[in-house]
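Asker: Protein chains in written order, with full-length UniProt numbering: chain A, 1 to 377; chain B, 1 to 377.
Every residue, glycine too, gets a C-beta built ideally from N, C-alpha and C.
Since the model is a prediction, treat every value here as computed from it, not as a measurement.
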């Protein structure tokens, strides 16, 4: 048989400005590209393994995990395949089928899937109304307490630190404390925050934090981070009864290859950029403000935004689409002409985007392009 | 804080001949190295995703999965994070905690961990005795039938196609038929076979096959292959009740990045090498025969070997170690001097190794080195 042409190239990222929030935090720095070169072959990180991925001395995975734990202030850290696999493992270790957990209403779909795959019921904490969609500590407390009253026991709570729809940053420390006071272990989903902004698992009162290397930690996918408090290590990292070195929820080892090498190589770079989060945020706020100069473009979510992922309602562009010969495709096409990608084809009523990591000059170019397309230049 | 030096380089593979069987089948061809370059950034394969990883048109993941399915003759194929994650997903979908499954006695530890993580009981089919350790169809049948008599129902059976201890190739077609005749769905663990030798899921009478990209398919890890018969698709690839596009056991998407791109890029190369499996096997047999010219070096497992992974009992080297100033480390060190790695430090009583993918010249160099160290040159 003959293989099809799979088109295995990606000029998109090299030749365009990519506004897709999913793609902004996973761009590799040079050191990670070198790591990719060094550890490209399958099982490459396993040369010096004595049975535990997390204890490999060369490359120094053990030292890296210590540093990473310190960086996010968790007692223990493991790499997993992604934030979703981290959430699944926590739920799997702590809960039984039929149990109920509490999650915020801005949860990522993978939170729902992790719960459903574990056969758990979810009670959701609704966000407040349009246009803010904020998860408030007050509402979280109310829903959690009602759930406890009704169910007797809630095995786990989950909070999305920064959600992928509005880029809202939740008050982790307050909601963490609410869960702790209620005696409910709590996970913080940091897929859109760890690697972008400072994470302090202890100050946030979190039992668990999960992060995503490919989404926000300048790593090649798939790889994620699971951080936990020492008191959970025995349960979540319990060993096989037969293979005593091997951790059950990790199926022995998780990220056995290049993604881990890139996560390691990127850590110094990630620490540096996290320390400058205020500057990144400032440029995102600038972008959002400039976008709102277009009449009929309104940022949703918390204002001013607390994250680089911003969502806009864009009746201005939807109106243009009504009478444009290319209809709903005009926005995508006008942007593409200007080497701007990452907004879905056909979408004009709203979109979400991010300028994370872009320069002031690039952001000005983007703003100009949107203004031009909206006809206000 | 300051990061430690993680030593993120791997000269080992470039500067030495690596005999570690784990490393032989995951070496990337040039096309896969290019794919790594193109798709290094996190979430890079997701630019054109409409909600399903397996249906992405650019790069052409959909077309690739069709080709891969045809190549291994399975109805449907998904990528997973590795063979172990594939086994876990199958068990999770088919079994309930407390269920019993039948597995062969040469199973990889990850089979045991997948079962234990799913809270399943295992009944094991023992191999025949030293030195062959073969899993015979007769014994498989006997154990399966006894298990069915005793338990009433066996939800799943698993066979290791080629095991990682002896490199024994099991008679998949016969054992598959035994399971089918008994009405028990069966998984073939092809971690050490898919990508090295021909796999035909249908001819093997298998309901499921799992493979490992990093172990045997010239891909960057972690990535695996899950192939299944159409009749299982509804169960194993069942969709989320809330997110109707998303497959539960995949947690929505699995390998979202570079490993998938390398697996795709390597497929033509892998198909080519699989078609020449006989030549690869011939060189492994040559190597084993030459090693056995050393008195006190005996190949274990099926003879002549049916795979490149071979295990030797090496009383010859153990005897040298007794009186050597470097004791048990002498073999490792003597090999290292000759730029040969992959045998564990301190190991002299036995070792397993593979010359898969090496040239005749390289194998002759290896044989010479071992003969020299054994003092027969």
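Just to check my reading of the structure: residue 228 (chain B) and residue 74 (chain B) have Cβ atoms closer than 8 Å, yes? What is that Cβ distance to the nearest angstrom?
Answerer: What you label residue 228 (chain B) is simply residue 228 of the second chain in a count that begins at 1. What you label residue 74 (chain B) is simply residue 74 of the second chain in a count that begins at 1. The pair is a contact, with the Cβ atoms about 6 Å apart (cut-off 8 Å).
Asker: What does residue 246 (chain A) reach in chain B if we use C-beta pairs closer than 8 Å?
Answerer: The residue given as residue 246 (chain A) occupies position 246 in the first chain. Neighbours of residue 246 (chain A) on chain B, chain order: 109, 113.
Asker: At a Cβ threshold of 8 Å, is residue 12 (chain A) touching chain B?
Answerer: In the first chain, the residue the question calls residue 12 (chain A) occupies position 12. Chain B, which has a Cβ nearer than 8 Å to the Cβ of residue 12 (chain A), makes this yes.
Asker: Name, going along the chain, the residues of the segment 35-61 of chain A whose beta-carbon falls closer than 7 Å to a beta-carbon of chain B.
Answerer: Of all residues in the segment 35-61 of chain A, 35, 36, 38, 39, 40, 41, 42, 43, 44, 46, 47, 58, 59, 60 have a Cβ within less than 7 Å of some Cβ in chain B.
Asker: Quick one: residues in its chain with C-beta nearer than 6 Å to the C-beta of residue 237 (chain B), no 5 flanking neighbours on either side, listed in chain order?
Answerer: One-based indexing of the second chain puts residue 237 (chain B) at position 237. Result list for residue 237 (chain B): 247, in chain order.
Asker: The beta strand (DSSP E) that contains residue 156 (chain A), what's its start and end?
Answerer: The sequence position of residue 156 (chain A) within the first chain is 156, counting from 1. 156-160 is the extent of the beta strand (DSSP E) around residue 156 (chain A).
Asker: Who are the neighbours of residue 27 (chain B) on chain A, taking C-beta pairs under 8 Å?
Answerer: Translated into positions along the second chain, residue 27 (chain B) becomes position 27. Per Cβ cutoff of 8 Å: 41, 42.
Asker: With H, G and I counted as helix, E and B as strand and the rest as coil, what does DSSP make of residue 84 (chain A)?
Answerer: For the purposes of this step, residue 84 (chain A) is taken as the residue at position 84 of the first chain. Note: residue 84 (chain A) maps to helix in three-state DSSP.
Asker: Along chain A, which residues have their Cβ under 9 Å away from the Cβ of residue 331 (chain B)?
Answerer: To locate residue 331 (chain B), count along the second chain from 1; it is residue 331. The contacting residues do not exist; residue 331 (chain B) stays about 17 Å from chain A at best.
Asker: For the segment 27-77 of chain A, list the alpha helix (DSSP H) runs that are entirely contained and at least 4 residues long, ordered along the chain.
Answerer: Complete alpha helix (DSSP H) runs here, min 4: 30-38, 61-72.
Asker: Do residue 160 (chain A) and residue 205 (chain A) count as a contact pair if the criterion is CB distance below 8 Å?
Answerer: As a position in the first chain, residue 205 (chain A) is number 205, starting the count at 1. As a position in the first chain, residue 160 (chain A) is number 160, starting the count at 1. No, the Cβ-Cβ distance between residue 205 (chain A) and residue 160 (chain A) is not below 8 Å.
Asker: Between the segment 58-86 of chain A and chain B, which residues of the former have a C-beta closer than 8 Å to a C-beta of the latter?
Answerer: For the segment 58-86 of chain A, which is checked against every Cβ of chain B, the residues closer than 8 Å are 58, 59, 60, 61, 63, 64, 66, 67, 70, 71, 81, 82, 84, 85.
Asker: Output yes or no for whether 8 Å exceeds the beta carbon distance between residue 69 (chain B) and residue 261 (chain B).
Answerer: For the purposes of this step, residue 69 (chain B) is taken as the residue at position 69 of the second chain. For the purposes of this step, residue 261 (chain B) is taken as the residue at position 261 of the second chain. No, Cβ-Cβ distance for residue 69 (chain B) and residue 261 (chain B) is not below 8 Å.
Asker: List, in chain order, every chain B residue whose beta-carbon is nearer than 9 Å to that of residue 220 (chain A).
Answerer: For the purposes of this step, residue 220 (chain A) is identified with residue 220 of the first chain, where counting begins at 1. Per Cβ cutoff of 9 Å: 36, 39, 40, 41, 42, 44, 220, 257, 258, 259.
Asker: Counting only beta-carbon atoms, is residue 165 (chain B) nearer than 8 Å to chain A?
Answerer: Position 165 of the second chain, counted from the start, is the residue given in the question as residue 165 (chain B). Closer than 8 Å: no.
Asker: Would residue 113 (chain B) and residue 251 (chain A) be called neighbours here (beta carbons separated by less than 8 Å)?
Answerer: Translated into positions along the second chain, residue 113 (chain B) becomes position 113. Translated into positions along the first chain, residue 251 (chain A) becomes position 251. Going by C-beta atoms, residue 113 (chain B) is nearer than 8 Å to residue 251 (chain A).
Asker: Compute the Euclidean distance between the alpha carbons of residue 146 (chain B) and residue 155 (chain B), then round it to the nearest angstrom.
Answerer: Here the question's residue 146 (chain B) lines up with position 146 in the second chain. Here the question's residue 155 (chain B) lines up with position 155 in the second chain. Those two C-alpha atoms are separated by around 14 Å.
Asker: Does the beta carbon of residue 4 (chain A) sit closer than 8 Å to a beta carbon anywhere in chain B?
Answerer: Here the question's residue 4 (chain A) lines up with position 4 in the first chain. Yes, residue 4 (chain A) counts as interfacial toward chain B.
Asker: Since residue 323 (chain B) meets chain A, which of its residues come closer than 8 Å, beta carbon to beta carbon?
Answerer: Taking the first residue of the second chain as position 1, residue 323 (chain B) is located at position 323. Those do not exist, as residue 323 (chain B) stays about 27 Å from chain A at its closest Cβ, beyond 8 Å.
Asker: Around the Cβ of residue 89 (chain A), are there at least 16 other Cβ atoms within 10 angstroms (buried) or fewer (exposed)?
Answerer: Stepping through the first chain from its first residue, residue 89 (chain A) is reached at position 89. With 16 or more Cβ atoms within 10 Å of its Cβ, residue 89 (chain A) is classed as buried.
Asker: Using beta carbons (cut-off 8 Å, strictly below), is residue 88 (chain A) in contact with chain B?
Answerer: Here residue 88 (chain A) is taken as the residue at index 88 of the first chain, counted from 1. With 8 Å as the cut-off, residue 88 (chain A) counts as an interface residue toward chain B.
Asker: Return helix, strand or coil for residue 319 (chain B), following the three-state DSSP convention.
Answerer: Taking the second chain and counting its residues from 1, one reaches residue 319 (chain B) at position 319. In this structure, residue 319 (chain B) counts as helix in the three-state DSSP scheme.
Asker: DSSP on residue 194 (chain B), reduced to helix/strand/coil?
Answerer: Residue numbering aside, residue 194 (chain B) sits at position 194 when the second chain is read from its first letter. Three-state result, residue 194 (chain B): strand.
Asker: Kindly list, in the order they appear in chain B, the residues whose Cβ is closer than 7 Å to that of residue 264 (chain A).
Answerer: Within the first chain, the letter at position 264 stands for residue 264 (chain A). Going along chain B in sequence order, the residues near residue 264 (chain A) (Cβ under 7 Å) are 6, 8.
Asker: Considering Cα atoms alone, identify which of B:30, B:39, B:241, B:223 is closest to residue 122 (chain A).
Answerer: Mapped onto the first chain, residue 122 (chain A) falls at position 122. If we check each option's Cα against that of residue 122 (chain A), B:241 comes out closest.
Asker: Helix, strand or coil for residue 297 (chain A), going by three-state DSSP, please let me know.
Answerer: As a working note, residue 297 (chain A) is residue 297 in the first chain. Residue state, collapsed to three classes: coil.
Asker: Should residue 336 (chain A) be flagged as near chain B, meaning a C-beta pair shorter than 8 Å?
Answerer: By one-based count along the first chain, residue 336 (chain A) stands at place 336. Residue 336 (chain A) does not count as touching chain B.
Asker: Give the residues of chain A in contact with residue 214 (chain B), contact being defined as C-beta atoms less than 7 Å apart.
Answerer: Position 214 of the second chain holds residue 214 (chain B). Chain A residues near residue 214 (chain B): 42, 43, 256, 257.
Asker: Under DSSP, the alpha helix (DSSP H) around residue 11 (chain A) begins and ends at which residues?
Answerer: Here the question's residue 11 (chain A) lines up with position 11 in the first chain. Note, residue 11 (chain A): alpha helix (DSSP H), 11-15.
Asker: Please determine, among A:342, A:350, A:354, the residue with the shortest C-alpha to C-alpha distance to residue 15 (chain A).
Answerer: Position 15 of the first chain holds residue 15 (chain A). Closest option to residue 15 (chain A), Cα to Cα, is A:342.
Asker: Tell me, please, whether the CB atom of residue 307 (chain A) is closer than 8 Å to any CB atom in chain B?
Answerer: Here residue 307 (chain A) refers to the residue found at position 307 when the first chain is read from its first residue. So no, residue 307 (chain A) is outside the interface.
Asker: What first and last residue would you give for the beta strand (DSSP E) that runs through residue 125 (chain B)?
Answerer: Taking the second chain and counting its residues from 1, the one referred to as residue 125 (chain B) is at position 125. 121-125 is the extent of the beta strand (DSSP E) around residue 125 (chain B).
Asker: Report yes if the CB atom of residue 226 (chain B) is closer than 8 Å to the CB atom of residue 210 (chain B), and no otherwise.
Answerer: In the second chain, residue 226 (chain B) corresponds to position 226, counting from 1. In the second chain, residue 210 (chain B) corresponds to position 210, counting from 1. The answer is yes: Cβ separation under 8 Å.
Asker: Give the DSSP-derived three-state secondary structure of residue 100 (chain A) in the structure shown.
Answerer: On the first chain, position 100 is the one that residue 100 (chain A) refers to. Residue state, collapsed to three classes: strand.
Asker: Between which two residues does the beta strand (DSSP E) containing residue 311 (chain B) stretch?
Answerer: By 1-based counting over the second chain, the position of residue 311 (chain B) is 311. Per DSSP, residue 311 (chain B) belongs to the beta strand (DSSP E) from 310-313.
Asker: Please state whether the Cβ-Cβ distance between residue 26 (chain A) and residue 196 (chain A) is less than 8 Å.
Answerer: As a position in the first chain, residue 26 (chain A) is number 26, starting the count at 1. As a position in the first chain, residue 196 (chain A) is number 196, starting the count at 1. Against a cut-off of 8 Å, the Cβ pair of residue 196 (chain A) and residue 26 (chain A) comes out as no contact.
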